[in-house]
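Q:
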Amino acid sequence: MSLSGPLAVIADIHGNALALAAVLDDIAALGVTRVVNLGDVFSGPMDPAGVWDLLKGRDILTVRGNHDRALVDFAPEEMWETDRLTHGLLPAEAFDWIRALPAEARLEGVYLCHGTPGQDDVYWAELVEGGRMVPAPPDRIEALAGPVTEGLMLCGHTHIPRVVRLRDGRLLVNPGSVGCPGYTDDRAPAHVMMTGTPTASYAVVEAGTAGWSVTHRSVCYDWDAAAEQARGHGRADWAKVVGTGWL
Numbered sequence: 092m093s094l095s096g097p098l099a100v101i102a103d104i105h106g107n108a109l110a111l112a113a114v115l116d117d118i119a120a121l122g123v124t125r126v127v128n129l130g131d132v133f134s135g136p137m138d139p140a141g142v143w144d145l146l147k148g149r150d151i152l153t154v155r156g157n158h159d160r161a162l163v164d165f166a167p168e169e170m171w172e173t174d175r176l177t178h179g180l181l182p183a184e185a186f187d188w189i190r191a192l193p194a195e196a197r198l199e200g201v202y203l204c205h206g207t208p209g210q211d212d213v214y215w216a217e218l219v220e221g222g223r224m225v226p227a228p229p230d231r232i233e234a235l236a237g238p239v240t241e242g243l244m245l246c247g248h249t250h251i252p253r254v255v256r257l258r259d260g261r262l263l264v265n266p267g268s269v270g271c272p273g274y275t276d277d278r279a280p281a282h283v284m285m286t287g288t289p290t291a292s293y294a295v296v297e298a299g300t301a302g303w304s305v306t307h308r309s310v311c312y313d314w315d316a317a318a319e320q321a322r323g324h325g326r327a328d329w330a331k332v333v334g335t336g337w338l
């Protein structure tokens, strides 16, 4: 372990500027000055341009998520509906920033990615069974961690706050989602994920003499206003999950 001081870990903002503002305020209130971002920054029908306004100019190490990649790799007519809507709401400078994002990063003994090493759209600590998310077995988690030498591994993508300790002592942490507490995925195997709370999630990690400590934070904000933003863009499905945590 070599990280000095606490590190705030955010992920899966998904265009929810109101949630992001609350999380950044909470981080500041804790006195934490270092933040990393695990991707899927903008894709969502709330206020992706507002997310850009909050992030631009900040010194936040960010890795690319699968929806970030979709925003720059596909033409709008080839995108999923939410990505296509987001594409039309973002300023041009945001796309230049997305294109420069790395797929993975390392920071003082910490490894960062969105999904898994080498794949931004694969679940690391979960599997899909019967249309629901379930914890993945240790052998699978450790196999995916094979190329990582860092003692702390950070990932997002599933939107589920998790801490998994590998048998060799390495720690895998998912901070949960800042701005999207549930979703449906129609790709095989089709499944649903919902946290059951509309609060904004993130984590704070810190190295200590006994190992890594992890604190998951669940932050209240005006989720009714965020739901109304989604509704205003014609997305009642997003409005329900953002406003309640349920689908």
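For what it's worth, our numbering labels the leading residue of the sequence shown as 92, then goes sequentially. Idealized CB from N, CA, C, for every residue including glycine.
Report yes or no: do three or more beta-carbon pairs, one from the stretch 172-184 and one from the stretch 210-217, lie closer than 8 Å?
A: Counting C-beta pairs with one atom in each stretch, the stretch 172-184 and the stretch 210-217 have fewer than three that are closer than 8 Å, which means they do not touch.
Q: For residue 281, which residues in the same chain have their Cβ closer than 6 Å to its Cβ, ignoring the five residues on either side in sequence?
A: For the purposes of this step, residue 281 is identified with residue 190 of the sequence shown, where counting begins at 1. Nothing listed; no residue qualifies.
Q: If the criterion is Cβ atoms closer than 8 Å, does the pair residue 273 and residue 291 meet it?
A: Here residue 273 corresponds to residue number 182 of the sequence shown, with the count starting at 1. Here residue 291 corresponds to residue number 200 of the sequence shown, with the count starting at 1. No, the pair does not count as a contact, with Cβ atoms beyond the cut-off.
Q: Entirely within the stretch 100-172 and at least 3 residues each: give me those beta strand (DSSP E) ranges in chain order.
A: Along the length of the stretch 100-172, whole beta strand (DSSP E) runs at least 3 residues long occupy 126-128, reported in chain order.
Q: Can you look up residue 205 in the DSSP assignment and give me helix, strand or coil?
A: Counted from its first residue, the sequence shown places residue 205 at position 114. Note: residue 205 maps to coil in three-state DSSP.
Q: What does the alpha-carbon distance come out to for the pair residue 327 and residue 199?
A: Locating residue 327 in the sequence shown gives position 236, counting from the first residue. Locating residue 199 in the sequence shown gives position 108, counting from the first residue. Computed Cα separation, rounded: 42 Å.
Q: Hey, how far is the Cα of residue 256 from the Cα of residue 96?
A: Translated into the one-based positions of the sequence shown, residue 256 becomes position 165. Translated into the one-based positions of the sequence shown, residue 96 becomes position 5. Straight-line Cα distance between these residues: approximately 21 Å.
Q: In angstroms with no decimal places, state the Cα-to-Cα distance between residue 227 and residue 253.
A: Here residue 227 refers to the residue found at position 136 when the sequence shown is read from its first residue. Here residue 253 refers to the residue found at position 162 when the sequence shown is read from its first residue. Here the alpha carbons of residue 253 and residue 227 stand approximately 12 Å from one another.
Q: Need the endpoints of the beta strand (DSSP E) that residue 195 sits in, please.
A: Position 104 of the sequence shown, counting from 1, holds the residue named residue 195. 195-198 is the span of the beta strand (DSSP E), which, as asked, contains residue 195.
Q: Tell me, to the nearest whole angstrom, how far the beta carbon of residue 294 is from that of residue 123; I am working on the premise that it is less than 8 Å.
A: The residue labelled residue 294 in the question sits at position 203 within the sequence shown. The residue labelled residue 123 in the question sits at position 32 within the sequence shown. About 11 Å; that fails the 8 Å criterion.
Q: For residue 226, which of helix, strand or coil comes out of DSSP?
A: If you number the sequence shown from 1, residue 226 lands on position 135. Of the three classes helix, strand and coil, the one that applies to residue 226 here is strand, per DSSP.
Q: Let me know if residue 304 comes out buried or exposed under the rule of 16 or more other beta-carbons within 10 Å of its beta-carbon.
A: Taking the first residue of the sequence shown as position 1, residue 304 is located at position 213. By the neighbour-count criterion, in which 16 or more other beta carbons inside 10 Å mark a residue as buried, residue 304 falls on the exposed side.
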